[in-house]
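Everything below concerns the one structure shown next.
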């Protein structure tokens, strides 16, 4: 900083160096893009990296940073599932990811909950996503959570949900009952216990479960899954009503409706919103498809309602 | 006789008052030096980290941004604080010797203990400013993420206080090592103490599991000799909205004061015997 203006040679030198930096960076970007394009696709089985350290070892090594390490493993679990979902061309439901071969998910969630046993979201994720992959691991992780947080009624809700998915309504009822007896547990936990014991496999039980999940989950993916399952239940009810109406139509006229237009007066009486062809909408806003040869109503392939 | 003892007592009071004045002057200078050395620039990095996290973490954490922000903010606070305590702490004495300014200081009526305590308090003040600003930054990030008031803004502060106490102990340890060894070795030793301090609960378990009485005594001794930092790790609890009871915080503060006094006294004993000729 002498105050003297830079000489011509100094200016040329600086300009050349700036040019080298800019051109160098551009070349680096171009080279990386070239390499990315030529890289062989990763083997999915190899990509499912193993966790070389147990959760307990990681907890010891993380010292005071165990909470942050738990967050890291939690986000890695979400990214892992998200990446696998994106690799599939077709739509998959969060609670039906069996086909995705999520073998690293259980160790990831297990590590996250070992690092921070009070971190509730990984338990919820384990209860919703893991049963389709490894139900025993889902139960083990949720039980581990109950051991670490014996007063967390929500964990009993998650464990009850796992048993309900496995159609073990007795175990589900008992689990909801144990959760209901905890201080601060909501009244509906007791109602869920009764529901499981009397009508475990019914649609109304399923609706109650997904309604609670939708209302109480902080995880947007779980919330979305519950919303779609509620839509599916609504659609199943609607299709049952439509089938009954088809049956009455056939009894009156001797044949099934050949088109939605022919059936429109019946639907208009019910004040159901219809599309221009007279077809009623499913809960996702897509018109139902009429199969007049079998007197059936089906979901449109573009419907947002889960088919199974 | 009574008049003599009163005069001696008065002289002692004046000397003590002057001593604290000298310590205060050294502490102020140490703080100014740290500011001049751009130590507080780490705050910019911290703010950038929190801002980035507050904006982007929601996308990645599945609705857990508040927990992640607290974990990240308090962990960064501890990590940055540890780096400052170690790397600035080990250079406090060494720099004065290297620049030969220590001769000018000791040519004045400044005791070696006063010099060490002044240096220590100066760095503690730097860390206090650092931790307080980071705490405010973290609270603001929580306000942003929660779109308004969040109870976590209150519950993080006991954890911040405990974290600061941990940094105070670590600074004293760094100063102790730097009173007799090189900066590189001091940094390494202080870092080891930081790590072992977080494993001290394991030391106790290990001591209890050993068969030999001598080994049991050795490891039990190490457990009590080394600082127990596990009592200051409340980051995860704070992220879940749990604040430690006041009695626990007071206990931890008492332990920190006692431990710091022991370490600084040891450092003074060692430093007093050093020959600067």
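Chains as they are written, first to last, in the working numbering: chain A, 2 to 309; chain B, 2 to 278. From the three backbone atoms N, C-alpha and C, an ideal C-beta is built for every residue, glycine too. Note that the structure is a prediction, hence the values are computed from the model and not measured.
Query: Whether residue 133(A) touches residue 98(A) by CB criterion (8 angstroms); Result: yes
Query: Assigned secondary structure, residue 1(A) (DSSP; H/G/I helix, E/B strand, else coil); Result: Coverage of chain A is limited to positions 2 through 309, which leaves residue 1(A) absent and any answer about it impossible.
Query: Contacts of residue 200(A) in chain B (Cβ-Cβ under 7 angstroms); Result: Correct list: empty, because the minimum Cβ distance to chain B is about 32 angstroms.
Query: Range of the contiguous alpha helix (DSSP H) that encloses residue 246(A); Result: 221-254
Query: Runs of alpha helix (DSSP H) wholly within the region 192-221 of chain B (minimum 4 residues, chain order); Result: 201-210
Query: Contact under 8 angstroms by Cβ, residue 52(B) with residue 124(B); Result: no
Query: Segment contact flag, the region 67-77 of chain A with the region 109-120 of chain A, C-beta cutoff 8 angstroms, min 3 pairs; Result: yes
Query: Interface flag, residue 1(B) vs chain A, CB-CB below 8 angstroms; Result: Beyond the ends of chain B as shown, which are 2 and 278, falls residue 1(B); an answer cannot be given.
Query: Where residue 120(A) sits in the DSSP three-state scheme; Result: coil
Query: Counterpart residues of residue 110(B) in DSSP-defined beta bridges; Result: According to DSSP, which records beta bridges pairwise, residue 110(B) is partnered with nothing at all.
Query: Chain B contacts from the region 214-245 of chain A (Cβ-Cβ distance under 7 angstroms); Result: 219, 220, 221 and 222
Query: Counted within 10 angstroms of its Cβ, other Cβ atoms place residue 102(B) as buried (16 or more) or exposed; Result: exposed
Query: Check whether residue 142(B) and residue 55(B) have beta carbons under 8 angstroms apart; Result: yes
Query: Delimiting residues of the alpha helix (DSSP H) encompassing residue 216(A); Result: 204-217
Query: Coil, strand or helix - residue 306(A) by DSSP; Result: coil
Query: Start-to-end residues for the alpha helix (DSSP H) that takes in residue 177(B); Result: 153-179
Query: With 16 other Cβ atoms within 10 Å as the buried cut-off, status of residue 8(A); Result: exposed
Query: Contact set between residue 241(B) and chain A, taken where Cβ atoms lie within less than 7 angstroms; Result: 119
Query: Beta carbon proximity, residue 72(A) to chain B, threshold 8 angstroms; Result: yes
Query: Assigned secondary structure, residue 186(A) (DSSP; H/G/I helix, E/B strand, else coil); Result: coil
Query: Alpha-carbon to alpha-carbon, residue 170(A) and residue 294(A); Result: 38 angstroms
Query: N- and C-terminal bounds of the beta strand (DSSP E) containing residue 297(A); Result: 297-299
Query: Counterpart residues of residue 192(A) in DSSP-defined beta bridges; Result: None; residue 192(A) has no bridge partner.
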